[in-house]
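**Student:** One structure follows; several queries about it will come next.
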Amino acid sequence: MKPTERIIFPLDVSSKEEALKFTTLLKDSVGVFKIGLELFVKEGPSVVEAVRKAAPNAKIFLDMKFHDIPETVRRAMRSAASLGVDFITVHTDEGGELLKAAVEEAGTVKVLGVTVLTSQSAESLKSIGFIDELTDPSKLVLHRARLAKNSGCAGIVCSGLEVKNVKDSLGDELLAITPGIRLKDLDVKSDDQKRIVSPFEAVRDGADYIVVGRPIRNAADPKVAAKIVAEDIEKAL
Ligand code: C5P
């Protein structure tokens with residue numbers, strides 16, 4: 014994969030018009046467009062088709078982060094898979110039954126298990142009731158990544174701090190998608206991401222794809238910012 018193909022740009026905007034503005038601008042600078050809850054809830058499935066039309070060579074990642082009883086997720090996955098996207102996310106913390114149900118309905122769509130959100134820290138895990146030994150995000154990530162792999166998921170979402178351990182322990186075939194990417198040259202103010210690494214570090218440690226949102230979206234020139242990210246990735250290949 015070329016460095017640009019490894020960049021996932023989240024269309025974290027609230028309207029189709031804005032999403033298409035970024036899609037058109039960045040279609041040659043990134044490989045995957047991620048449609049998340051903000052945009053999908055507002056615009057519905059037609060936004061998927063619109064993004065595909067605007068960037069026919071890019072992959073589409075529907076970041077639904079499904080989290081419900083297995084039967085509901087199974088049915089939601091059936092609906093989502095019919096949109097013909099490349100990746101869909103499911104939370105791993107409800108266990109294997111839910112993940113297997115999702116994979117069974119996914120067809121050719123690659124199911125990605127979300128392990129521990131990059132906005133979580135040891136402290137926040139403790140505050141939501143995790144016992145001490147599981148407030149170490151790296152242990153929890155590996156545990157959930159193994160669950161995702163054993164349930165047939167194509168990949169997982171984890172921070173760059175855990176990706177090496179996941180790849181070393183579970184093998185290279187399980188795709189690793191890493192958000193929480195920051196670069197000194199592309200600073201982001203008032204941030205919620207806690208477990209962060211640079212594009213170089215993430216790819217060096219085994220990330221197949223990286224999600225880079227605000228450092229590109231908030232840059233004076235998003236295309237230039239995407240180029241800086243691609244150059245940083247290149248150093249790791
Ligand atoms: O680079 P930035 O922080 O703006 O990227 C935020 C994007 O990454 C959002 O679309 C968010 O949903 C996504 N994401 C995340 N942490 C995860 C999974 C996805 O921040 N574990």
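Under the numbering used here, think of the first position of the sequence shown as 14, with each following residue one higher. The beta carbon of each residue, even a glycine, is placed where N, CA and C say it ideally should be.
(1) Evaluate Asp181 with the Cβ neighbour count: other Cβ atoms within 10 Å of its Cβ, from every protein chain shown; 16 or more gives buried, anything less gives exposed.
(2) Report buried or exposed for Met14, applying the criterion of at least 16 other Cβ atoms within 10 angstroms of its Cβ.
(3) Kindly list the residues whose CB is nearer than 6 Å to the CB of His80, restricted to its own chain and excluding five residues on each side of it in sequence; keep chain order.
(4) For Ser172, does the count of other Cβ atoms within 10 angstroms reach 16, so buried, or fall short, so exposed?
(5) For Pro23, list the residues DSSP reports as bridge partners.
(6) Would you check if there are 3 or more beta carbon pairs closer than 8 Å linking the segment 28-39 to the segment 60-72?
(7) Exposed or buried, which one is Ala239 when buried takes at least 16 other CB atoms within 10 Å?
(8) How big is the Cα-Cα spacing for Ala94 and Asn163?
(9) Taking the alpha carbon of Ala232 as the point to measure from, which residue in Gly57, Lys152, Asp198 has its own alpha carbon closest?
(10) Report back the beta-carbon spacing between Tyr222 and Val43 to the nearest angstrom; my notes put them in contact at under 8 Å.
(11) So, helix, strand or coil for Gly168, using DSSP?
(12) Compute every distance between the C-beta of Asp76 and the non-hydrogen atoms of the ligand C5P, then say whether any falls below 7 Å.
(13) Look at Val224 and Pro23 and say whether their C-beta atoms are less than 8 Å apart.
**Tutor:** Straight from the coordinates:
(1) It counts as exposed.
(2) Burial call: exposed.
(3) Non-local beta-carbon contacts of His80 in its own chain, meaning distances under 6 Å to residues more than five positions away in sequence, involve His104 in chain order.
(4) Buried, since its Cβ has 16 or more Cβ neighbours within 10 Å.
(5) Lys47, per the DSSP bridge assignment.
(6) In short, these stretches touch, since the Cβ pair count reaches three.
(7) Looking at its Cβ environment, which holds 16 or more other Cβ atoms inside 10 Å, Ala239 is buried.
(8) Going by the C-alpha atoms only, they are around 21 Å apart.
(9) That would be Asp198, whose Cα lies nearest to the Cα of Ala232.
(10) Actually they do not touch by this definition, with Cβ atoms about 10 Å apart.
(11) DSSP, read as helix, strand or coil, puts Gly168 in strand.
(12) Flag set: Cβ of Asp76 near the ligand C5P.
(13) Yes, these two residues count as a Cβ contact at 8 Å.
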